[in-house]
Each structure stands twice: as C-alpha cells, then as structure tokens.
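Residue numbers (the numbering used here), protein chains in the order written: chain A, 229 to 399; chain B, 510 to 861.
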Amino acid sequence: MILLSSSLTTPAVGTLFWSALIFGLFFLILTKFAWKPILSAVKARDEMIKGSLESAAKAREEMLKLKSDNEIILRKAREERENILKEAREVRDKLISEAKGKATEEAEKLIEKARIGIENEKLKALSEIHEQVATLSVDIASKLLGEKLKPSGEQSKLIDNYLKEIDFKKN
Amino acid sequence: MKTKKLFGFFLFLLLAGSYFTAYSQEVEEKGVVKEKFKASTYILEHIADSHEWHIFTRKNGDIVAIYLPVIVYSKEKGLKIFSSGRLAHGQQYKGFKLEEEGNLKGKIVVVNEAGLADEVNLPLDLSLTKTIIGLLSAAIIGLILFLSLARSYKKTGISHPKGIQRFLEPVILFIRDDIAIPNIGHKYEKYMPYLLTAFFFILINNLMGLIPFPPPFGANVTGNIAITFILACCTFLITQFSGNKSYWRHVFATPGVPFWLLPIMIPVEIIGLFSKPFALMIRLFANMLAGHIVILSLICLIFIFDTLALAPVSIFFVIFMDFMELLVAFLQAYIFTLLSALFISLAVQEQH
C-alpha cells in the first residue's frame, strides 16, 4: 500500500525527459566513439587470431605432408640401396664362383699335364735305367768273369731275362 | 525472485510496523518528549526522488543538503530556473512552492495570488532532481570509462588487452558471445551498441546506488520507474523497428490459427508486444527498489528499537544484503540485456 500510494510507481515527467535525453546521448556518444572502435578492434584481433591459428594448422599439415614425402623418398632410397647392394653381391658371388671354377679347371689341367709329363719322364728314365743296368751288369759281369766273357748275343739275352725278373717297382 | 523479495519486504514491514507501534506507544506512556522515528517516512525519503540531496540533519534540526537546480515551466509564469534552496522549509519563490504534505508531497506547485496552491494544474517540472543527478553522474562515469577504453584500444591495436581493457573486455565479450550471438545470431552486430549501452548503464547505476555516500552515489536511479520505463521503451522501439515480415505475420496472422480466432488472437498478440517491455520495466524497478528498501529497513531497525545493542545484528544483515545487492546489480543488468536480446531476436529471426 505504501508503494502504491506514493509517487514511486508513477513516472515523473521531468525524470522521463531527462533520463530519455541522458540515456539517448549516452547511447549515441558511446556507439560512435566507444563501441564501434572497441568492437572493431576486438573483432580484428579475433580475426587475426583465427587467421594465425588457421595458417599454423595449414603449416602443420604441410609439414606433415613433407615429412611423409620425405619418408617415402627415404624408403625408396633405402630400397634402391638394398637392390643395388643385392645386385652387387650377386655379381660378386658370380664372379667369385666363375673365377674359382676357372682356376680349378686350370689347376687340374696343369696337374694333368704335369702328371703326364712326369709319367713320360718316368718311362724315359726307366728305359734309360734299363739300358744302363744292362750295360752295367754286363760290365760288372765282365769284370767279375774277366775278359773271358765276351758280350755275345746269348749272354745279353740272359741278362735281360734277369733284369726283367727284377721288379723295380718294388723299390 | 522479485516476488519473493517483495513479499519478504512486506512481511518485514508488517513485523517492523507492529514493533514500531508498540514501541511508540511505550514512549508516549512514559510521557517522554521525543520525536517518534517513522521508518516508512525515512525509507521513502531515501528512495524517492527529491529536489535536494539530503546529506544529514543536525541535532537542532537544521538540514544539511545539496540544493539542486529547479527548472519549472508553467503557462502563466513561463520557464523559471532557480535553486531548490529557495523552496526549502516551505518557502515560496517566484510563485512556486514545494508541497510538503498530502498527495503532492515533494511536487512543485504554482501558488496563486490568494496564496493557495493550485493542485490541479501542475507546472511542468524539469528539475535536475536527485535521480537525474545520479543518472547524469553515472552517464559521465560511463563515458569517461568507455571513451578511455576506446582510446586504449586505438593505442594497443590488435595486441593483447592491457590495463582497463583486461577488466572490461571480458564483460564486452560476454555480452557479445553469450547474450547477443546465441540469441540474435548473425545479425547481432547491429544490436551490440544498444545491448552494451543498456548493460553498462544499468550496471553502473545499480552499483552507484549501492554506495551510500557521498553524492552523487546512493541515488535510487534504477529503482525509479521513469528510468526503467525509458530503458524498456528503448528495447520496445528497437524490437518493433527491427521486426521483419515473419514477426508481424506472427502478430497479425499467427500461423496455424484459424481465421475466426484472429479477432481474439490479434489483441492478445498486441498486448504481448507491450507486456514484454513492461515486464522488463517492472523487473528492474522492483528489484532495485526492493533492495534499497530492505537495506534501509535493516538500518532502520537500530532507530526503531533506539538501541545500539541491535547495531551489530543490523550491520551484519546490511552487509549480507549489500553482497546480495551486488549480485543483484549484476544480475539485473544481465537479465535486462539478455531479455532485450531475446525480444530483438524474436523480431529479427527468420521464418521457423
């Protein structure tokens, strides 16, 4: 009742007038000189932050892409290297085995030749020994028997027989 | 909350009133010559508008006050500007008088030759009253604050906020991001200046009203219905002028309503247009007024019981209420802004 009967609930004309004027001016001045610059500054900053965040994200993406590209390149290079090494290893192995084969062959050939030569020399030597032994034995026999024993056909034959019986191979 | 507070206040007045009558009777019985303390007069004097700014009353009854300018216009006497000190203690000046009793208490009336006050034809009173001075000071404080803020933005450019910006920018961003954008949507920019102005205007006035002393603090500005009326009018006008086709169709041809119901629906919708800002006006007015009244009533307790023993209790409750009012000061500014944004959004939103 106190509230209703008093002037509290009836707006006074003067107050209405002044408050409209003051609030209106307050609004206009602030809008022109405060809110517009403040809001545009805040907006500009927001946009700058947004822009920098976006560009940072883009840069990160690009970096990731570059990184993956690098990895691909690296992997390829590694594969290439592996291949080259493998090929080289194969070539080397082949070369070695070829060389080994040739060397063995050559060596075998040489050995064969040597063996043949040795065989020939041996045979030659044997026949020479044969002859020498024959002459020597004749000489020895003649020395033993004196000059009486003359080398004749019969004696030579006998010696030869003896000699044949001697097996050189046993020695 | 508003109703609760008002209810609590009335309950309090009722209780205080009964105590008060009991007490005053006691005083009379003892026959002590002592002026009765009238709590309701005291409170009303503090919350009502007046032509002078009362500071204190001396023990001998002299009033120390700031006399504010009176600007008054009447048909016979024309426009007159003078100090309200000329009208103090019931004096007449240039044919004007400040009514001290009755229905027109606190109003300036024209006095005719016979020395009688003309109570029918009141002069147009455009005086700079206590409320107006409080309002003007709040506006000046606001202007200084935000113009310097704007200057600091010009200086810092787009770098991080500095100094005063750090306090005010979060609030501005809050109004933009949590009030304007969610409600109004992409057209928010057009309404930001009004929302910001309304919010800070109400907030500064609320806060200044909470500070009891010295003038220009402590005036009951946002608890004055004329001021909340002007604020609500601004929201109303902005809402109506930004109303788009679908808004007006909603009013005059509400979709989904059969045409024979329209004669009922159109008046209802039109009432709705006015009731929204009306609620804004009453909400702010009642909340701020009730806050002032509750705090003053609690202080009055000391004088009603005429004992210092009650002072600690009273002070405790006043401090508590001051904190409440601090919250309410922000809350009411927020609610007014939020609801304004909401009403604007109803006017500008696309067909739904």
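Cβ atoms here follow ideal geometry from the backbone N, Cα and C, with glycine treated the same way.
For chain A, find out if any of its Cβ atoms is closer than 8 angstroms to the Cβ of B:E678; answer yes or no.
yes
Alpha carbons only, please: which of B:G624, B:S636 and B:V620 is nearest the one belonging to B:N630?
B:V620
So with Cβ pairs under 8 angstroms, would you call B:I667 a contact of chain A?
yes
In whole angstroms, give me the CA-to-CA distance for B:S661 and B:F683.
20 angstroms
So what does DSSP say about A:G329, is it helix, strand or coil?
helix
Using the Cβ count rule (16 or more neighbours within 10 Å means buried), how would you classify A:A272?
exposed
Could one say the Cβ of B:T846 lies closer than 8 angstroms to chain A's Cβ atoms, at least one of them?
no
Go through its chain and collect everything with a Cβ distance to B:A842's Cβ below 7 angstroms, but skip five positions before and after it.
F708, I711, L712 and N715
According to a CB-to-CB cut-off of less than 8 angstroms, which residues of the segment 245-265 of chain A neighbour chain B?
F245, W246, S247, A248, I250, F251, L253, F254, F255, I257, L258, T259, F261, A262, W263, K264 and P265
Exposed unless 16 or more other CB atoms sit within 10 angstroms - verdict on A:W263
buried
Counting along the chain, where does the beta strand (DSSP E) carrying B:T566 start and finish?
E561 to T566
So, are the CB atoms of B:T706 and B:A856 less than 8 angstroms apart?
no
Is it true that the segment 662-679 of chain B meets the segment 794-814 of chain B, where meeting means three or more beta-carbon pairs spaced less than 8 angstroms apart?
no
Between B:K663, B:P702, B:I693 and B:N692, which has its C-alpha nearest B:I681's C-alpha?
B:P702
Should B:E859 be labelled buried (16 or more other beta-carbon atoms within 10 Å of its own) or exposed?
exposed
Comparing alpha-carbon positions, which option in A:I257, A:L373 and A:R309 lies nearest B:L656?
A:I257
Cβ of B:I739 less than 8 angstroms from any chain A Cβ?
yes
Specify the secondary structure class of A:I394 as computed by DSSP and reduced to three states.
coil
Alpha carbon to alpha carbon, how far is B:A818 from B:C809? Give it in angstroms, no decimals.
13 angstroms
Any 3 or more C-beta pairs closer than 8 angstroms across the segment 637-652 of chain B and the segment 723-739 of chain B
yes
Residue closest to A:L249, alpha-carbon to alpha-carbon, out of B:N753, B:A648, B:G718 and B:F829:
B:A648
Could you tell me if B:E561 is buried or exposed, where buried requires 16 or more neighbouring beta carbons within 10 angstroms of its beta carbon?
buried
Using a Cβ-Cβ distance cut-off of 8 angstroms, determine whether A:G242 contacts chain B.
yes
In chain A, which residues lie less than 7 angstroms from B:Y662 when you measure between Cβ atoms?
P265, I266 and A269
Between B:L848, B:L836, B:R758 and B:D627, which has its C-alpha nearest B:N612's C-alpha?
B:D627
Inter-residue spacing [alpha-carbon to alpha-carbon] between B:V581 and B:A597
16 angstroms
Would a C-beta distance cut-off of 8 angstroms place B:S559 and B:V579 closer than the cut-off?
no
Our contact map puts B:V829 next to B:M790 with C-beta atoms below 8 angstroms; I'd like the distance itself, whole angstroms only.
In the sequence as presented, Val is not what sits at residue 829 of chain B; that position holds Phe. Going by Cβ atoms, the distance from B:F829 to B:M790 rounds to 28 angstroms, so no, they are not a contact pair.
Between B:F546 and B:I813, which are expected to be in contact by the criterion C-beta below 8 angstroms, what is the C-beta distance as a whole number of angstroms?
6 angstroms
Could you tell me whether any Cβ in chain B is nearer than 8 angstroms to the Cβ of A:R288?
no
When the Cα atoms are used, what is the spatial distance from B:S823 to B:F722?
19 angstroms
For a quick check, are the C-beta atoms of A:A362 and A:L391 less than 8 angstroms apart?
yes
Mind checking who B:S592 pairs with in its DSSP beta bridge?
B:P578
Skipping 5 residues on each side, what residues in its chain have a beta carbon closer than 7 angstroms to that of A:M291?
none
Specify the secondary structure class of B:D627 as computed by DSSP and reduced to three states.
strand
Closer than 6 angstroms by C-beta to B:H563: which residues in its own chain qualify, once you throw out the five before and the five after it? Chain order, please.
A574
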